[in-house]
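Visitor: For the sequence shown, position 15 (counting from the first letter as 1) is numbered 15 according to UniProt numbering, and the numbering increases by one without interruption.
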Amino acid sequence: MTLQQLRYAVCIANEKSMNKAAAELFITQPSLSSTIRDLENEIGLQIFLRSNRGIVITPEGEEFLGYARQMIEQYRQMEERFIQRDKFKKKFSVSMQHYTFAVQAFIEMAKEFGMDDYEFAVRETKTYEVIENVKNQKSELGILYLNDFNSKALEKIFSDQELEFTDLFQCGIYVFLWKGNPLAEKKKISFEDLKKYPCLSFEQGNNNSFYLAEEVFSTYEYKQIIKANDRATMLNLMVGLNGYTLCSGIICEELYDNEYRAIPLKTNEKMRIGYIKKKKMPLSILALKYIEELKKYEKNVL
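#1: Let me make sure I understand the geometry here. Which of Asn207, Ala184, Glu221 and Gly205 has the alpha-carbon closest to that of Asn258?
#2: Going by the DSSP bridge assignment, what does Asp148 pair with across the sheet?
#3: Does Met281 come out as helix, strand or coil in the three-state DSSP assignment?
#4: Are the beta-carbon atoms belonging to Ala262 and Gly249 less than 8 angstroms from one another?
#5: CA-CA distance, Lys223 and Ala105?
#6: Counting only the same chain and skipping the five closest in sequence on each side, list residues whose C-beta sits under 8 angstroms from that of Leu3.
#7: Our contact map puts Thr125 next to Leu212 with C-beta atoms below 8 angstroms; I'd like the distance itself, whole angstroms only.
#8: Would Lys188 be called buried (16 or more neighbouring beta carbons within 10 Å of its own) or exposed?
#9: Where in the segment 9 to 85 do unbroken runs of the beta strand (DSSP E), each at least 3 residues long, occur, reported from the N-terminal end onward?
#10: According to DSSP, is Phe217 helix, strand or coil?
#11: If I follow the unbroken alpha helix (DSSP H) through Phe176, where does it start and stop?
#12: Beta-carbon within less than 6 angstroms of Gly205's beta-carbon, same chain only, minus the 5 sequence neighbours each way: which residues are those?
#13: Taking the CB atoms as reference points, tell me whether Val239 and Trp178 lie closer together than 8 angstroms.
#14: So Ile226 packs on Pro198, CB below 8 angstroms; how close in whole Å?
#15: Helix, strand or coil for Leu163? Go by DSSP, reduced to three states.
#16: Assuming Lys279 and Leu146 form a contact by the criterion Cβ under 8 angstroms, report the distance between their Cβ atoms to the nearest whole angstrom.
#17: Residue range of the alpha helix (DSSP H) that Tyr244 falls in?
#18: Pick helix, strand or coil for Ala262, following the three-state DSSP scheme.
#19: With DSSP collapsed to three states, give me the class of Lys223.
#20: According to DSSP, is Ala110 helix, strand or coil?
#21: In the DSSP output, which residue or residues are listed as bridge partners for Cys252?
#22: With the cut-off set at 8 angstroms, would you say Leu286 and Tyr118 are in Cβ contact?
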């Protein structure tokens, strides 16, 4: 098994096509197919299922590709540090649930390091994809929350995927809504107050388990609920329908321009905001700086 074979396999997985991967790698499709067959024969498992419609990654292949990405990333870091440190841009990627403070921390980190020598990626996405991206090393860090309800289930997933969770800070539960909402001037809001208005929740796709919900109280029987798949749509629904969502209460005025409010929910429930990473993988300088920026938001916990 060679590093080149691993790179070829990862490229196919990224492109979802043998032909596209061959073009990306500047080799012929038969040569690429032969290389992957040799790799599959050597490791004794099938990474890809081939059909006229393209390729599908097998469950065993997904696990193998996670390790392959990890090995490629480790080699890249060694190459940058010891061989060609001046010729390659350092990379940093983070996946997160829909937290504006996590985006703002990313912005501050990117400003300090600049774009000339670094290549950045930030992914606001579903909870399951945050976990998958870190497991497969598409992202070095994943930002999400734990609470009493979901912690046992998620910590079991983290353990199975060889990930570890580190707390950043703890916060209460807040109702996030538009400043024009009739509830926007209240000091505290109860579930009874919220019955007149639609609860907004981020869609989790095929992995729509209660434990993977981005909002606490995912099992509560809401009278009205609307699923959305991005933050911009969520904000439009807040304005157009006086909708609300439940959040950490940390608002970045730089991104929201004082148009929205976070008001305490009448509950003793708490959230633990933190990050996941691969076990035994040292953090890059960029990741350490990003974590440092995230920790600054502890003082903004309402």
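Each residue gets a CB set at the ideal place from its N, CA and C atoms; glycine is no exception.
Guide: Concretely, from the data shown:
#1: Ala184
#2: Per DSSP, none; premise fails for Asp148.
#3: coil
#4: yes
#5: 35 angstroms
#6: Met71, Ile72 and Tyr75
#7: Contact doesn't hold; Cβ gap of about 12 angstroms is too wide.
#8: exposed
#9: 48 to 51 and 54 to 57
#10: coil
#11: Segment Tyr174 to Trp178 is the beta strand (DSSP E) holding Phe176; no alpha helix (DSSP H) there.
#12: Lys126
#13: yes
#14: 5 angstroms
#15: strand
#16: Actually they do not touch by this definition, with Cβ atoms about 17 angstroms apart.
#17: Unbroken run through Tyr244 is the beta strand (DSSP E), Tyr244 to Cys247; no alpha helix (DSSP H).
#18: strand
#19: coil
#20: helix
#21: According to DSSP, which records beta bridges pairwise, Cys252 is partnered with nothing at all.
#22: yes
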